[in-house]
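Presented below is the structure to which this report refers.
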Amino acid sequence: MRYWLMKSEPDAFGIDDLQNRSQQTEHWDGVRNYQARNMMRDAMKIGDQVFFYHSNCAEPGIVGIARIAREGYPDFTAFDPDDKHFDPKSNPDKPTWIMVDVQFVRRLSRTISLKELKLKTELTELALLRRGNRLSIMPVSEQQWQFILGLE
DNA sequence: GCCAACGTTGGC
DNA sequence: GCCAACGTTGGC
1018 MRYWLMKSEP DAFGIDDLQN RSQQTEHWDG VRNYQARNMM RDAMKIGDQV FFYHSNCAEP
1078 GIVGIARIAR EGYPDFTAFD PDDKHFDPKS NPDKPTWIMV DVQFVRRLSR TISLKELKLK
1138 TELTELALLR RGNRLSIMPV SEQQWQFILG LE
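Taken in order, the first sequence gives residues 1018 to 1169; the numbers are from my numbering.
And the structure:
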């Protein structure tokens, strides 16, 4: 089993939104970055564990845990001209973009903030903290996962 | 709202 | 293939 961190802006789609979805599951659409796409397409497996991260908000940080509920399949929002994430270069025969389904597992008892994560020497290799990183999906090692959970 | 750090686009 | 211009992300 692998571990991941996925970013979302709570104003658009936060951990509460995921919890309130039917089956507490939602497809993770709109990723338009090749590195992130490749991870969803090639590496994410059902049952993988995910840190749900809130970005672009008052207190950026990890707020909950989710799991991969469905492995990579075509991101159909790319085919819809009216969709914000429409991409004319992608088509159903040969989809450019991929998404997975993510299921709510639990909230953390508190937000483990970006500020706090930055203070930990154990996490200097965490992709989230690497300089200039802007990936919305990134891998987390088992050691990093356990360490971060231990902060809760 | 500002701005650094990207990734992408397109002219050449 | 180079690189300037542009758009986006996301912390602050």
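We put the CB at the ideal spot given by N, CA and C, even for glycine.
Whose C-alpha, out of the options, is nearest the C-alpha of residue i?
{"i": "Phe-1121", "options": "Leu-1166, Phe-1068, Met-1155 and Asn-1055", "result": "Phe-1068"}
{"i": "Trp-1045", "options": "Leu-1143, Met-1023, Thr-1138 and Lys-1106", "result": "Met-1023"}
{"i": "Ile-1082", "options": "Ile-1129, Arg-1148, Met-1116 and Lys-1135", "result": "Ile-1129"}
{"i": "Asp-1092", "options": "Pro-1098, Asn-1108, Thr-1138 and Ile-1115", "result": "Ile-1115"}
{"i": "Ser-1025", "options": "Met-1061, Asn-1073 and Ala-1060", "result": "Asn-1073"}
{"i": "Lys-1168", "options": "Met-1061, Glu-1043 and Gly-1078", "result": "The question names Lys, but residue 1168 in the sequence shown is Leu. Out of Met-1061, Glu-1043 and Gly-1078, Gly-1078 has the C-alpha closest to the C-alpha of Leu-1168."}
{"i": "Arg-1049", "options": "Arg-1123, Thr-1138, His-1102 and Arg-1084", "result": "His-1102"}
{"i": "Gln-1040", "options": "Met-1061, Trp-1021, Arg-1084 and Gly-1047", "result": "Arg-1084"}
{"i": "Val-1080", "options": "Arg-1123, Lys-1137, Gly-1089 and Arg-1147", "result": "Arg-1123"}
{"i": "Trp-1021", "options": "Val-1117, Tyr-1090, Arg-1038 and Phe-1030", "result": "Val-1117"}
Below 8 Å on the Cβ atoms is my contact criterion, and I expect residue i with residue j to pass it. Report the Cβ-Cβ distance as a whole number of Å.
{"i": "Gln-1066", "j": "Leu-1152", "result": "About 18 Å; that fails the 8 Å criterion."}
{"i": "Ala-1086", "j": "Thr-1113", "result": "In fact, because the Cβ distance is near 23 Å, the residues do not count as touching under 8 Å."}
What's the C-alpha gap between residue i and residue j?
{"i": "Leu-1145", "j": "Met-1155", "result": "7 Å"}
{"i": "Tyr-1070", "j": "Pro-1105", "result": "30 Å"}
{"i": "Val-1157", "j": "Arg-1019", "result": "8 Å"}
{"i": "Asn-1055", "j": "Ile-1032", "result": "24 Å"}
{"i": "Pro-1109", "j": "Leu-1134", "result": "40 Å"}
{"i": "Asp-1028", "j": "Asp-1034", "result": "10 Å"}
{"i": "Gln-1036", "j": "Thr-1141", "result": "31 Å"}
{"i": "Phe-1164", "j": "Met-1061", "result": "21 Å"}
{"i": "Leu-1131", "j": "Asp-1100", "result": "31 Å"}
{"i": "Leu-1159", "j": "Arg-1038", "result": "One point to set straight first is that residue 1159 is Glu, not Leu, in the sequence displayed. One C-alpha to the other measures close to 28 Å."}
Using a 10 Å radius around the Cβ and a threshold of 16 neighbouring Cβ atoms, would you call residue i buried or exposed?
{"i": "Glu-1075", "result": "In the sequence on display, residue 1075 carries Ala and not Glu. With fewer than 16 Cβ atoms within 10 Å of its Cβ, Ala-1075 is classed as exposed."}
{"i": "Ile-1063", "result": "exposed"}
{"i": "Met-1057", "result": "buried"}
{"i": "Leu-1143", "result": "buried"}
{"i": "Gln-1161", "result": "buried"}
{"i": "Pro-1098", "result": "exposed"}
{"i": "Asp-1059", "result": "exposed"}
{"i": "Gly-1149", "result": "exposed"}
{"i": "Ser-1107", "result": "buried"}
{"i": "Glu-1043", "result": "buried"}
Residue ranges of each alpha helix (DSSP H) within the region 1078-1152, 4 or longer: Qualifying alpha helix (DSSP H) stretches, in chain order: 1131-1135.
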